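Engineer: Questions regarding the structure given below will be posed in turn.
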Amino acid sequence: MRRKVTIVLPAYNEEASFELLKERMGRVLAENPDYDWEFLMVNDGSTDNTLQQMMRLHREDAGHWNYVDLSRNFGKEAAMLAGFDYARGDALIVMDIDMQHPVEVIPEMLRWWEEGYDDVYAQRRSSRESWFKRRSSRWYYRLLQRSTRVPIQQNTGDFRLLDRSCIDALRRLRETERNTKGLYSWIGFRKKGVYYEQLERQTGRSKWSVMQLIDLAINGLTSYTVAPLRMATILGVSVSLIAFLYLIYIIIKTVLYGDPVAGYPTLMVTILFMGGVQLLSLGIIGEYLGKVFMESKGRPVYLVESYNGVKDGDKENGVKDGDKGMVR
Ligand code: UDP
Ligand code: MG
Numbered sequence: 000m001r002r003k004v005t006i007v008l009p010a011y012n013e014e015a016s017f018e019l020l021k022e023r024m025g026r027v028l029a030e031n032p033d034y035d036w037e038f039l040m041v042n043d044g045s046t047d048n049t050l051q052q053m054m055r056l057h058r059e060d061a062g063h064w065n066y067v068d069l070s071r072n073f074g075k076e077a078a079m080l081a082g083f084d085y086a087r088g089d090a091l092i093v094m095d096i097d098m099q100h101p102v103e104v105i106p107e108m109l110r111w112w113e114e115g116y117d118d119v120y121a122q123r124r125s126s127r128e129s130w131f132k133r134r135s136s137r138w139y140y141r142l143l144q145r146s147t148r149v150p151i152q153q154n155t156g157d158f159r160l161l162d163r164s165c166i167d168a169l170r171r172l173r174e175t176e177r178n179t180k181g182l183y184s185w186i187g188f189r190k191k192g193v194y195y196e197q198l199e200r201q202t203g204r205s206k207w208s209v210m211q212l213i214d215l216a217i218n219g220l221t222s223y224t225v226a227p228l229r230m231a232t233i234l235g236v237s238v239s240l241i242a243f244l245y246l247i248y249i250i251i252k253t254v255l256y257g258d259p260v261a262g263y264p265t266l267m268v269t270i271l272f273m274g275g276v277q278l279l280s281l282g283i284i285g286e287y288l289g290k291v292f293m294e295s296k297g298r299p300v301y302l303v304e305s306y307n308g309v310k311d312g313d314k315e316n317g318v319k320d321g322d323k324g325m326v327r
């Protein structure tokens, strides 16, 4: 039986990418004729003509091109979940619509899928990023891996093939503070890495600002582990212990030699250091508290304006009471 594979394409202000997209997806169709293909575009609240381009592709070839139109910009993570929810395939492949992910890797992914792997992730072989960005990302991964028992795949993005079992697992994880990269690791299943060379962005420009990257990094850490909370505790305990020893030392010194009122620098350093530790710990607690706050509202991850132009929003959206994430 022919199996269906969905390519999920989240898009935010990508009107310029569509010519290339059409050409590349045409190649996927031509080079992998053994599968039924679905190209599922998710419009993540674009403010340019992205939606019009999607409508055009759907009009031209409704058998292959579908689109989900979200009610506003929810971010790539949410857009991908929408893709998981609406994908019809036995497997799906997530790709950036700017086509930085080469379609040449797809046959290899399919081959491993046929071999029985559930999660075939693409690993960037060489990175075009700056030395600083490469370094910081390496340190970050090391930190992340130290803080958790779940194995983390390095140098992977969202370019991957997921079997239906993985898709259904991911659809059950409906946290609003999403870090999909961490979720891929968390669900487990049989994983296999393939290598690829990341291409330059052809049109438009990257939407990540430095602040967003910092946000992503903190998010990744705090949605993955409570290790920073533990760190704050350990730091608090060690500082208190040192302070206590120092206290004994001062008492003994005062008793033996008297107290000639000195020690302004010691006082200053201690106060500043303690203040710093307290602020850091408060900040860490705040990060987690914020997550609890967002999550406790139980809001849907995204809202749908239309699917292929039809307004059926919440019906398929996985936000019905009682069956969160388990629709269809
Ligand atoms: N994207 C999205 N919503 C957003 C930001 C980005 O759906 O809020 C999509 C974007 O259209 C692209 C993919 O996510 O298909 C990757 O974005 P981008 O190319 O800006 O990131 P980079 O390649 O620089 O990591
Ligand atoms: Mg890109």
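Number 103 in numbering that gives the first Met the number 0 belongs to position 104 of the sequence shown; there are no gaps in the numbering.
Note that CB positions come from ideal geometry on N, CA and C, so glycine has one too.
Here the structure is a predicted model, which is why all the values come from computation and not from measurement.
1. Measure from the alpha carbon of residue 19 to the alpha carbon of each residue in 119, 96, 33, 2, then state which is nearest.
2. Specify, as a first and last residue, the run of the beta strand (DSSP E) that residue 40 falls within.
3. On a Cα-Cα basis, can you pick out the residue from 192, 224, 165, 99 that is closest to residue 283?
4. Tell me, please, whether the CB atom of residue 260 is closer than 8 Å to any CB atom in chain C?
5. Rounded to a whole number of angstroms, what is the C-alpha to C-alpha distance between residue 260 and residue 249?
6. Less than 8 Å separating the beta-carbons of residue 189 and residue 115?
7. When we look at the beta-carbon of residue 82 and count the other beta-carbons within 10 Å, is it buried (16 or more) or exposed?
8. With DSSP as the reference, label residue 11 as helix, strand or coil.
9. Would DSSP call residue 46 helix, strand or coil?
10. Which value, in whole angstroms, describes the spacing of the CA atoms of residue 70 and residue 274?
11. Taking contact to mean 3 or more Cβ pairs, one atom from each stretch, closer than 8 Å, check whether the stretch 146 to 166 and the stretch 101 to 121 are in contact.
12. Within 10 Å of its beta-carbon, does residue 86 have 16 or more other beta-carbons around it, so buried, or fewer, so exposed?
13. Which residues mark the beginning and the end of the alpha helix (DSSP H) in which residue 17 is found?
14. What is the DSSP secondary structure of residue 3, reduced to helix, strand or coil?
15. Got a sec, what are the start and stop residues for the alpha helix (DSSP H) residue 178 sits in?
16. Classify residue 98 as buried or exposed, calling it buried when 16 or more other Cβ atoms lie within 10 Å of its own Cβ.
17. Does the separation of the CB atoms of residue 111 and residue 4 fall below 8 Å?
18. Using only the heavy atoms of the ligand UDP, determine whether one of them is closer than 7 Å to the beta carbon of residue 328.
19. Look up residue 171 in the DSSP assignment and say whether it is helix, strand or coil.
20. Just grab the DSSP bridge partners of residue 123 for me.
21. The ligand UDP heavy atoms versus the CB of residue 176: any closer than 7 Å?
22. With C-beta atoms as the reference, is residue 80 less than 8 Å away from residue 300?
23. Tell me the residue span of the alpha helix (DSSP H) that contains residue 65.
Structural biologist: With the given structure in hand:
1. 96
2. 34 to 42
3. 224
4. The displayed structure is made up of one protein chain only, and chain C is not part of it.
5. 12 Å
6. yes
7. buried
8. coil
9. coil
10. 44 Å
11. yes
12. buried
13. 17 to 30
14. strand
15. No alpha helix (DSSP H) contains residue 178, which DSSP labels as neither H nor E.
16. buried
17. no
18. Beyond the ends of the chain as shown, which are 0 and 327, falls residue 328; an answer cannot be given.
19. helix
20. 195
21. no
22. yes
23. Looking at the DSSP string, residue 65 is not in any alpha helix (DSSP H); the run it does join, the beta strand (DSSP E), is 64 to 69.
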